[in-house]
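Beneath this line is the structure, given in structure tokens, with notes to follow.
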Amino acid sequence: GAGVSQTPSNKVTEKGKYVELRCDPISGHTALYWYRQSLGQGPEFLIYFQGTGAADDSGLPNDRFFAVRPEGSVSTLKIQRTERGDSAMYLCASSQWGTQYNEQFFGPGTRLTVL
Amino acid sequence: AQSVTQLDSQVPVFEEAPVELRCNYSSSVSVYLFWYVQYPNQGLQLLLKYLSGSTLVKGINGFEAEFNKSQTSFHLRKPSVHISDTAEYFCAVSVWSNFGNEKLTFGTGTRLTIIP
Numbered sequence: 001g002a003g004v005s006q007t008p009s010n011k012v013t014e015k016g017k018y019v020e021l022r023c024d025p026i027s028g029h030t031a032l033y034w035y036r037q038s039l040g041q042g043p044e045f046l047i048y049f050q051g052t053g054a055a056d057d058s059g060l061p062n063d064r065f066f067a068v069r070p071e072g073s074v075s076t077l078k079i080q081r082t083e084r085g086d087s088a089m090y091l092c093a094s095s096q097w098g099t100q101y102n103e104q105f106f107g108p109g110t111r112l113t114v115l
Numbered sequence: 116a117q118s119v120t121q122l123d124s125q126v127p128v129f130e131e132a133p134v135e136l137r138c139n140y141s142s143s144v145s146v147y148l149f150w151y152v153q154y155p156n157q158g159l160q161l162l163l164k165y166l167s168g169s170t171l172v173k174g175i176n177g178f179e180a181e182f183n184k185s186q187t188s189f190h191l192r193k194p195s196v197h198i199s200d201t202a203e204y205f206c207a208v209s210v211w212s213n214f215g216n217e218k219l220t221f222g223t224g225t226r227l228t229i230i231p
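Going down the list, the protein sequences come from chains A and B.
Position 111 of the first sequence, counted from 1, bears residue number 111 in the numbering used here, the numbering being contiguous throughout.
Position 79 of the second sequence, counted from 1, bears residue number 194 in the numbering used here, the numbering being contiguous throughout.
See below:
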């Protein structure tokens, strides 16, 4: 079956602009995660959705970052007034949800470059 | 809070030689442990995981790892590497949080380069 998809694969923008990054999770996965991977670093957690609600947004770096998942499937990560330090690979993952471990399946990522 | 340390940022290994990639973690509670592989311009793929039970876990592509609670380590090994193993490898931990999720905490990664 289809895996997690992310669009666009690459995004180049100018400092101060607004960007949206999209994630299509695996069908039926209720849990969705966003991570950010800066150059030479491991991925860092940004936000977690359970269904339509953001259950844990403790990893969002500041209020310029926002994410939505209005229908409990596709999610959009929104970055306002982009800064050069926002340049990174943004990864999305989805999983089933339950009281036991559920593997997170990762998408190929969106590489964001802020000039 | 949890943390993961991968001391080796780069590991060059000759083809068909054995390799060990080191991972140490810190946590005040029990954790799940993972190794992920990332090929160029691709997302992360799960290699193997330790949830409970046997401390020696086997994964895909001939990799295995051993959980050592006393040393808080989860080193990754392969007895004979191939050119196709060239990639970035990430160790990660997760715990069940109050939010009902298992967010992953990653190390900084180890770049494995196989030398023909």
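We treat Cβ as the ideally placed atom computed from N, Cα and C, and that holds for glycine.
Quick caveat, the model's predicted, so the values are computed rather than measured.
Beta strand (DSSP E) segment containing residue i, residue limits
i        : result
GLU203/B : 202 to 209
ALA88/A  : 88 to 95
LEU166/B : Where LEU166/B is concerned, there is no enclosing beta strand (DSSP E), given that its DSSP letter is neither H nor E.
ASN139/B : 139 to 141
ARG64/A  : Taken as a continuous stretch (DSSP letters only), ARG64/A belongs to no beta strand (DSSP E), as it is neither H nor E.
ARG84/A  : From DSSP, ARG84/A is part of no beta strand (DSSP E); its letter is neither H nor E.
VAL12/A  : 10 to 13
For residue i, the three-state DSSP class (helix, strand or coil)
i        : result
ILE79/A  : strand
ARG36/A  : strand
ILE229/B : strand
ILE26/A  : coil
ARG69/A  : coil
ASN156/B : coil
SER5/A   : strand
ASN102/A : coil
Supposed contact pair residue j and residue i - C-beta distance, whole angstroms, cut 8 Å
i        : j        : result
LYS164/B : VAL172/B : 7 Å
LYS218/B : ASP57/A  : LYS218/B to ASP57/A, Cβ: 11 Å. No contact.
TYR151/B : GLN160/B : 6 Å
PHE182/B : PRO43/A  : With a Cβ gap of about 22 Å, PHE182/B and PRO43/A do not count as contacting.
CB of residue i within 9 Å of CB of residue j, strictly
i        : j        : result
ILE79/A  : ARG69/A  : no
VAL128/B : LEU191/B : no
Closer than 8 Å: residue i CB and nearest the ligand ATP heavy atom
i       : result
GLY51/A : For the ligand ATP, the structure offers nothing, since it holds no ligand at all.
According to a CB-to-CB cut-off of less than 7 Å, which residues of the stretch 147 to 176 of chain B neighbour chain A?
Legend: CB atoms of the stretch 147 to 176 of chain B lying less than 7 Å from CB atoms of chain A belong to residues TYR147, GLN157, GLY158, LEU159, LEU161 and LEU166.
Closer than 7 Å between beta carbons: that is the criterion. Which residues of the stretch 77 to 96 of chain A meet it against chain B?
Cβ contacts with chain B: LEU91.
Chain-ordered residues of the stretch 32 to 45 of chain A with a beta carbon less than 9 Å from chain B:
For the stretch 32 to 45 of chain A, the set of positions with a beta-carbon nearer than 9 Å to some beta-carbon of chain B reads TYR33, TYR35, GLN37, GLY40, GLN41, GLY42, PRO43, GLU44 and PHE45 in chain order.
Give me the subset of the stretch 121 to 136 of chain B whose CB atoms are less than 9 Å from a CB atom of chain A, sorted by chain position.
Within the stretch 121 to 136 of chain B, the qualifying residues are GLN121 and SER124.
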